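Visitor:
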Amino acid sequence: MSKWDRRFLGLANLVATWSKDPSTGVGAVIVDSKNRIVSMGYNGFPRAVCDSDEALFDRDEKLRRTIHAEENALLFAGRPVEGCTIYVTHPPCARCAAKLIQAGIARVVAQMPAEGFGERWAADMRSASAMFLEAGVGFEYIENR
């Protein structure tokens, strides 16, 4: 793990604190091959959609409304992300993995999931990992110290 990997994963952790999700804040940072920040994103509801406690604490409704951190980072990039690396505080779900592959992300670096997270999202994580492997996208977990 390079110093840049630690720095960008640390930044993704900071961005995750901007999420209003009461249970799981997720942050993502996209950087180019010269370690320049291209975009950042966190999980949350679409703009102009009220993030009321009623919606945030109803798990099913929250999951239906939430845009994932990776999706927000891709939407806000404002330029192509072909060949870029994305740093994410949680392993991408299969839906986000497909979008990252389609956008041309070359490498995905995720923070090692907390205990219990892997159990709830195991099928999604397996599917995402398989797609990254098949598409030739680098994928690795790192510990954030």
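Quick note on my numbering: the sequence shown kicks off at 3 and runs consecutively.
We put the beta carbon where it would ideally sit given N, CA and C, even for glycine.
All values derive from a computational prediction rather than experimental measurement.
(1) In chain order, what residues of the same chain lie with their CB nearer than 7 Å to the CB of S35, ignoring the 5 residues before and after it?
(2) Helix, strand or coil, according to DSSP, for F47 in the structure here?
(3) Write down the C-beta distance between A137 and T91 rounded to the nearest angstrom, noting that I regard them as a contact closer than 8 Å.
(4) Leaving out five residues on either side along the sequence, give the residues of the same chain with a beta carbon under 8 Å from the beta carbon of L76.
(5) Buried or exposed: which applies to C52, given that a residue is buried once 16 or more other Cβ atoms fall within 10 Å of its Cβ?
(6) Considering just the uninterrupted stretch of the alpha helix (DSSP H) at E56, what are its terminal residues?
(7) Going by alpha carbons, who is nearest to A116 out of P93, S129, R97 and M133?
(8) DSSP puts F119 in a beta bridge; with which residues?
(9) If you draw a straight line from the alpha carbon of D55 to that of A132, how long is it in whole angstroms?
(10) What residue range does the alpha helix (DSSP H) around E142 cover?
(11) What is the C-beta distance between A96 and D62, in whole angstroms, given that I count them as a contact (C-beta under 8 Å)?
Guide: The short version:
(1) Here the question's residue 35 lines up with position 33 in the sequence shown. Only G85 meet the Cβ criterion.
(2) For the purposes of this step, residue 47 is taken as residue 45 along the sequence shown, with counting starting at 1. When DSSP states are grouped into helix, strand and coil, F47 belongs to the coil group.
(3) What you label residue 137 is simply residue 135 of the sequence shown in a count that begins at 1. What you label residue 91 is simply residue 89 of the sequence shown in a count that begins at 1. Contact doesn't hold; Cβ gap of about 22 Å is too wide.
(4) Position 74 of the sequence shown holds residue 76. Cβ neighbours of L76 beyond the five flanking positions: I32, S41, G43, V83, K101, L102 and A105.
(5) The residue you call residue 52 lines up with position 50 of the sequence shown. By the beta-carbon neighbour count (other beta carbons within 10 angstroms, threshold 16), C52 is exposed.
(6) By one-based count along the sequence shown, residue 56 stands at place 54. Following the DSSP letters along the chain, one finds E56 inside the alpha helix (DSSP H) bounded by residues D55 to L58.
(7) Indexing the sequence shown from 1 puts residue 116 at position 114. Comparing alpha-carbon positions, the option among P93, S129, R97 and M133 lying closest to A116 turns out to be P93.
(8) Counting from one through the sequence shown, the residue named residue 119 turns up at place 117. None, per the DSSP bridge assignment.
(9) By one-based count along the sequence shown, residue 55 stands at place 53. By one-based count along the sequence shown, residue 132 stands at place 130. One C-alpha to the other measures close to 36 Å.
(10) Taking the first residue of the sequence shown as 1, we reach residue 142 at position 140. E142 -> not in any alpha helix (DSSP H); beta strand (DSSP E) instead, spanning G140 to I144.
(11) Within the sequence shown, the letter at position 94 stands for residue 96. Within the sequence shown, the letter at position 60 stands for residue 62. About 19 Å; that fails the 8 Å criterion.
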